[in-house]
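Numbering (mature numbering (1 follows the signal peptide of the UniProt record, and there is no 0)), first residue to last: -22 to -1, 1 to 240. Don't be surprised by glycine CBs; every beta carbon is placed ideally from N, CA and C. Keep in mind it's a predicted model, so treat the numbers as computed, not measured. See below for the structure under consideration.
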Amino acid sequence: MPLTNALRLSLILSSFVSTVNSQGICSSAPTPALRIICSQISAWANNARSVPAVSPNSVRSPGGSGGATATLLATSETARNAFECVDIACLCGFFGGTGGANCVLRNGQRLTRGLRKEYRVMTDAERQRLEIALRRVDPSVALPYWDSTLDSTIPNPTESSLFTNELMGRSGPDGSIQTGAFRGWRTVDQSRVFRRDLGTTGRPLQEADIAAVQATGDFRQVLANTAPSQGCPTPAGWTALEYSHGNPHVFIGGKQPVQDLR
């Protein structure tokens, strides 16, 4: 059997086994919302496992086609400000350095790619620098978040002030956003408008969800594998953070059940 056919068959069999295993796991979820979340995460995992590894050399530039340079990507000659740059050579001049792609700053340090850090692992000094950099652009800037535990305490969370004209807008009979700043917004592919289906299933986060995570003594259960393969030594409990996080997505409904893992 040719190698490519053998590889394809292996991937198909692996995906089939993973799908059967995930269906068994998800069917035991204690609520309909958790079954939706589990099935979605498992589908992502199965798709990822079935995709052959990509050679670094085959990755195209953002916006490019067939390896060609996209016209919207700014070079050191065309960029009007640092925010239009996509590489070190372009940024170098805006940082007062010399050397292009091998940029050396005025203090003698090399300008290298920024290290993407999860917020909680940043030092206090790094968080302060981030805040100051944002506030230099807009002194009143704030990083918004939704504490849905506040909404879980009211008798009907769908009547939260969050979903009013002044904030996220109200939905019409078909679920489309009828009022507020997001009225008429369309999905990325422009195929349809945003819709919500509040409260059909799922729920906002509850204090009990947070307490369950805080009470867990093993980080492997906090950041657990929520789409485990057969024989996984540390399968996730239903109070795992990713499962709990999915509940508000399902509660909002419409496009929101699709969690964004980026």
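Residue closest to residue i, alpha-carbon to alpha-carbon, out of the options
i, options, result
"A159", "V166, R148, T127 and S169", "R148"
"R91", "R164, D65, G77 and P8", "D65"
"P133", "D167, T9 and G177", "G177"
"R174", "L89, R94, V29 and T142", "T142"
"R88", "Y97, F229, G77 and T212", "G77"
"V119", "S130, I110, N225 and E144", "I110"
"L128", "P10, E185 and I3", "E185"
"residue 274", "H223, G232, V228 and N203", "What is shown of the chain runs -22 to 240, which leaves residue 274 out entirely."
"L145", "S130, Y123, V166 and R164", "Y123"
"T212", "G224, R198 and P8", "R198"
"Y97", "F72, V82, L121 and L83", "L121"
DSSP beta-bridge partners of residue i
i, result
"R164", "V171"
"S6", "Answer is none; S6 lacks a bridge partner."
"S149", "I155"
"N203", "P213"
"R88", "V82"
Where the alpha helix (DSSP H) through residue i begins and ends
i, result
"Q199", "F197 to V200"
"P182", "Unbroken run through P182: none, as it is neither H nor E."
"F73", "Neither: F73 is in no alpha helix (DSSP H) and is coded neither H nor E."
"G224", "L219 to I230"
"D125", "First-last for D125: undefined, no H or E at that position."
"C81", "No alpha helix (DSSP H) contains C81, which DSSP labels as neither H nor E."
"A111", "D102 to V115"
Buried versus exposed, by CB contacts within 10 Å (16 or more), residue i
i, result
"G45", "Only weak support is given to the placement of G45: the predicted model assigns it a pLDDT of 41, under 50, and the value that follows is read from those uncertain coordinates. Its Cβ having fewer than 16 others within 10 Å, G45 is exposed."
"A103", "exposed"
"S138", "buried"
"M100", "exposed"
"R240", "The predicted model places R240 with a pLDDT of 37, which falls under 50 and marks its position as unreliable; any figure quoted below should be read in that light. Exposed, since its Cβ has fewer than 16 Cβ neighbours within 10 Å."
"P(-21)", "Confidence at P(-21) is low in this model, with a pLDDT of 46, below 50, so the placement of that residue should be treated as unreliable; the coordinate-derived value is given next. By the neighbour-count rule (16 or more Cβ atoms within 10 Å), P(-21) is not buried but exposed."
"A48", "A caution first: A48 carries a pLDDT of 40, below 50, which makes its placement in the model unreliable, though a value can still be read off. Exposed, by the Cβ-count rule."
"S5", "exposed"
"P117", "exposed"
"F61", "exposed"
"P135", "buried"
"I155", "buried"
"L183", "buried"
"G75", "buried"
"G41", "Low local confidence applies: a pLDDT of 42 at G41 is under 50, so the model's placement there is unreliable, with the coordinate-based value given in what follows. The residue is exposed, with fewer than 16 neighbouring Cβ atoms inside 10 Å."
"S39", "A caution first: S39 carries a pLDDT of 44, below 50, which makes its placement in the model unreliable, though a value can still be read off. It is exposed - the Cβ of S39 has fewer than 16 other Cβ atoms within 10 Å."
"N59", "exposed"
"P226", "buried"
"I230", "buried"
"L12", "buried"
"Q18", "buried"
"L69", "buried"
"D196", "exposed"
"S20", "buried"
"V228", "buried"
Near the ligand NAP: residue i beta-carbon under 6 Å from a heavy atom
i, result
"G195", "The ligand NAP is absent from the structure shown, which contains no ligands of any kind."
Inter-stretch contact (C-beta, 8 Å, three-pair minimum) for the segment 197 to 213 and the segment 138 to 158:
No, the segment 197 to 213 does not touch the segment 138 to 158.
If you pair each beta-carbon of the segment 189 to 199 with each one of the segment 208 to 222, do three or more pairs fall below 8 Å?
Touching, yes, given that three or more Cβ pairs across the two stretches are closer than 8 Å.
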